[in-house]
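Since the structure comes first, as structure tokens, the remarks are kept for the end.
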Amino acid sequence: MDIQRKKGILDICVLSVLQKGPSYGYLIVKEVSECIEISESTLYPILKRLETAGNLTTYKQEYNGRMRKYYKITESGKQKIHDFLSEWEEIKKIYAFVQEREGA
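If you're matching positions, the sequence shown starts at 16 in the working numbering and goes up one per residue.
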């Protein structure tokens with residue numbers, strides 16, 4: 016898959032995981048990997064980019080005597096998912112257009 020297209024899709028997948036509630040890096044990788052391959056080294060730059068864009072926030076909480084960083088989706092992140100789903104109809108039209116011309 017094209018790296019730029021995959022980057023955008025990974026953003027949406029990460030935000031989708033966070034719609035269920037706050038989560039931490041390892042668990043996000045585990046859940047997103049059910050859909051598309053992702054590693055922790057790929058995830059953390061995505062999380063930082065989404066945080067910088069205001070799509071998620073972070074907080075730390077103790078877990079088994081250690082501080083764990085949690086990520087929580089914001090309204091802006093929820094809007095990003097909504098926008099992606101709205102654009103999907105247009106993407107399907109483009110896909111059909113390209114597919115029709117593939118065998119021509």
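Ideal Cβ placement from N, Cα and C applies to all residues, glycine included.
Just so we're clear, the structure is a prediction, and the values are computed from it rather than from any experiment.
- The segment 29-40 makes no contact with the segment 102-110; the number of CB pairs closer than 8 Å stays below 3.
- Checking the DSSP bridge columns, you'll see Tyr74 partnered with Tyr85.
- Ile53 and Tyr39 have their alpha carbons spaced roughly 14 Å apart.
- In this structure, Thr73 keeps its C-beta atom at 8 Å or more from the C-beta atom of Thr89.
- Around the beta carbon of Ile51, fewer than 16 other beta carbons lie within 10 angstroms, which makes this residue exposed.
- The beta carbon of Val44 lies closer than 8 Å to those of Ile53, Ser54, Glu55 and Leu58 in the same chain, with the five residues before and after it left out.
- Take the alpha-carbon of Tyr78 and the one of Arg20: they are about 35 Å apart.
- Rounded to the nearest whole angstrom, the C-alpha separation of Phe99 and Ile27 is 8 Å.
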